[in-house]
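Report on one structure; see the data block that follows.
In our numbering, the protein residues as written are 41 to 389.
As C-alpha cells, then:
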C-alpha cells in the first residue's frame, strides 16, 4: 500500500527544513568593537555599564560584542553581535541575549541565541536557538531549534526542531522534528517526525513518522508510519504502516500494513496485510502469505499456510492446519470435495 501524499509531504519537510543562520556570513563587526565600560566596584566585580568583556555582578550593556565571560546578571537592550567564544553564567535578559555558551536563566524579548551550547531555563518571545546542544527548559514563541542535540522540556509555538537527538518532553504547535533519535514524550500539533529511531510516547495530530524504528505508545490522527520496526501500542486514525515488522497492539480505521511480519493484536476497519501474521486479528479483509493464530474478517485470504482459526464469510488458504468457519471455506490441501466446503472446513497435519 502506497503512502498518502500527506505522509510523503511530511517526510519531505523533515528532510528539508532550513538551517537557521544566526548572523550574516560577512558579519565581522565583533572584530572591531570596543570593550570600554564604566564600572562601579573592583577587580571586574560590582556594577558595570558598557561592553565590559569580563565581569562579575550586575552588568548593563546596549549590545554585547566580543565579550569573554560574564557571571551574574547581564542585561542588554539591542541585538547581539558575534560572541563565539563567550560564556554567560547566571541570568541574561534583553532583546536577544546571546553568547557562545549560556548557563542559567535567559529571557529574550525576541530570542535567546547560543552560538555553541545552551543550558538552563530559556524563554524567547520568538525563538530559542543553539548552534550545538541545548539542555534544560526551553520555551520559544515560534520555535526551539538546535543544530545538534536537544534535551529537557522544550516547547515551540510552531515547531521544536533538532538536527541531532531529542530527549525529554518536546512539544511543537505544528511539528516536532528530529534528524537523530527521539526519546521521551513528543507532541506535534500536525506531525512528529524522526529521521532515526523514535522511542516513548509520541503524538501527531496528523501523523507520527519514523525513518528508523518506532517503539512505545504512538498516536497519529491520520497515520503512524515507520520505515523500521514498529513495537508497542499504536493508534492510526486511518492507517498504521511498517516497512519492517509490527509488534504489539495496533488499531486503525482503515488499514494495518507491514511488508514483513505482524505480531500481536490488530484491529483494522478495512484491511490487515503482511507477509506473515502471528496473533489475533479483527478486520474487514486480511491478506497474509503465512498466518498463525485467530482472525475474524469478512474475507480471510491466506496465500500459503494457515495455522489456527479463521472466521469470515469467505476463507481461503493454500495449506490449512486448523479450522475455517464461514459461508465458503477453501483449503486447497484437502482432498476432493473437502477442498471447498460451506460453514466449516478443517485440516490437521
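Each residue gets a CB set at the ideal place from its N, CA and C atoms; glycine is no exception.
Put simply, of 279, 189, 346, 304 the residue whose alpha carbon is nearest the alpha carbon of residue 285 is 304.
Taken through DSSP and simplified to helix, strand or coil, residue 107 comes out as coil. In the DSSP assignment, residue 323 is bridged to 308, 337. Exclusion of the five residues before and after residue 277 leaves 260, 261, 262, 263, 292, 293 as the residues of its chain whose Cβ lies within less than 8 Å of its Cβ. The Cβ neighbour count for residue 353, taken over all protein chains shown within 10 Å, is under 16; the residue is labelled exposed.
A direct Cα-to-Cα measurement between residue 83 and residue 123 gives close to 22 Å.
Residue 355 and residue 378 have their C-alpha atoms spaced approximately 14 Å apart. Cβ atoms of residue 92 and residue 77 come within 8 Å of each other, at about 4 Å. Distance from the CA of residue 113 to the CA of residue 145, rounded to the nearest whole angstrom, comes to 9 Å. Where residue 246 is concerned, there is no enclosing beta strand (DSSP E), because DSSP gives it neither an H nor an E.
Only residues of its own chain outside the window of five on either side were considered, and among them 145, 176, 177 have a CB closer than 7 Å to the CB of residue 161, listed in chain order. Residue 291: member of the beta strand (DSSP E) spanning 286 to 292, first to last residue. Following the DSSP letters along the chain, one finds residue 382 inside the beta strand (DSSP E) bounded by residues 380 to 387. With distances taken between CA atoms, residue 358 lies nearest to 327 out of 199, 140, 327, 115.
Annotation for residue 156: 140, 141, 171, 172 place their beta carbon closer than 7 Å to its own, counting only its chain and skipping 5 residues before and after. Note on geometry: alpha-carbon atoms of residue 239 and residue 245 lie some 18 Å from one another. The Cβ neighbour count for residue 226, taken over all protein chains shown within 10 Å, is at least 16; the residue is labelled buried.
The residue from 343, 279, 187 with its alpha-carbon nearest to that of residue 308 is 279. In summary, residue 137 is buried, with 16 or more beta-carbon neighbours lying within 10 Å of its beta-carbon over all protein chains present.
Note on residue 80: under 16 other CB atoms within 10 angstroms of its CB, so exposed under the neighbour-count rule. Within the same chain, 163, 195 come within 6 Å of residue 179 by CB-CB distance, once the 5 residues on both sides are set aside. Annotation for residue 135: 116, 117, 118, 119, 148, 149, 150 place their beta carbon closer than 8 Å to its own, counting only its chain and skipping 5 residues before and after.
Residue state for residue 163 is assigned as strand, using DSSP reduced to three classes. Between residue 253 and residue 272, the CB-CB gap reaches or exceeds 8 Å. In this structure residue 290 touches residue 306 by the C-beta definition: roughly 5 Å separates them, less than 8 Å. Taking 8 Å as the cut-off, the beta carbon of residue 207 is found no closer than this to the beta carbon of residue 229. The shortest CA-to-CA distance from residue 337 to any of 344, 345, 368 is the one to 368.
Non-local beta-carbon contacts of residue 181 in its own chain, meaning distances under 6 Å to residues more than five positions away in sequence, involve 165, 166, 197 in chain order. In terms of CA proximity to residue 85, 111 leads the group 188, 103, 101, 111. Between residue 323 and residue 310 a beta carbon distance of about 7 Å is seen, short of the 8 Å cut, so the two are scored as contacting.
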